[in-house]
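Structure record follows, encoded as C-alpha cells.
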Amino acid sequence: MKLTDERIEELRAKQLPRLDWRDLFDVTEGQVTIEDAAAMSAYFSRFVMSPEGKGGCINCELVQGGLISALLGGFRWGLAHGEGSCSRCGYPARAIHYEVGIIRRLEAIFQYHPDELRTRAEREASELEKPSVVTNGDEK
Ligand SMILES: [Zn+2]
172 MKLTDERIEE LRAKQLPRLD WRDLFDVTEG QVTIEDAAAM SAYFSRFVMS
222 PEGKGGCINC ELVQGGLISA LLGGFRWGLA HGEGSCSRCG YPARAIHYEV
272 GIIRRLEAIF QYHPDELRTR AEREASELEK PSVVTNGDEK
C-alpha cells in the first residue's frame, strides 16, 4: 500500500498508541532517575507502538525486524545514520538509537508515529521552517 498523503491521514485517524519505553524495558523503581525517564518518554513517544507487538509495518504489515526481515529484506537503510524505511512502502523508521536516558545504544526498528510524518501539503505550507528528516518517502 503506497504511502500517500491520503494514507498518512488514514493512519492518523486510527489514533495508534505511541511507543512507551516502559513497554520495552523491565525497570524496577529507583533504577531510572526522573530526568532519564522524562528524556526516554520524550524520545520514544515519536514512534508508534507496533500493532499487537508483531513488528509489522503499520502501513503495509511487512515485517520490519528480526530473522524474517533479514531474510526477506523488510527494512531498508536510508542515507541518514540509523534511519531507514519499510522496503515495500517506504514508511520511515529509525533502527539505531543513541544516548537516550539510561540507554547508550539500542538497535531496534521503530516506525515513526503517523502524527510525526508530514504530508506534502504540510511540507509546502511550512517551507520556511527547518526541514524535517521525516518524510513520507514519496519524493523518489
Ligand atoms: Zn510498509
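Number 311 in our numbering belongs to position 140 of the sequence shown; there are no gaps in the numbering. Beta carbons: idealized from backbone N, C-alpha and C, even for Gly. Fair warning: this is a prediction, and the values are worked out from it, not measured in the lab.
Proximity below 8 Å, CB of Y269 to CB of F218: no
Whole-angstrom C-beta distance between A266 and A279, which should lie under 8 Å: 7 Å
In chain order, each beta strand (DSSP E) run of at least 3 residues that lies wholly inside the stretch 219 to 287: 246 to 248, 254 to 257, 263 to 271 and 274 to 282
Three CB pairs or more closer than 8 Å across the stretch 256 to 264 and the stretch 186 to 204: no
Counted within 10 angstroms of its Cβ, other Cβ atoms place Q235 as buried (16 or more) or exposed: buried
One or two residues paired with R189 in a DSSP bridge: V219
Enclosing alpha helix (DSSP H) for E181 [first to last residue]: D176 to A184
Residue interval of the alpha helix (DSSP H) (run including R291): R291 to A296
Near ligand 1: Y269 beta-carbon under 7 Å from a heavy atom: no
Check: E187 C-beta below 7 Å from any heavy atom of ligand 1: Reading the sequence as shown, one finds Leu at residue 187 and not Glu. No, Cβ of L187 sits at least 7 Å from all heavy atoms of ligand 1.
Under the three-state DSSP convention, the category A208 falls into: helix
L195 CB to nearest heavy atom of ligand 1 below 7 Å: no
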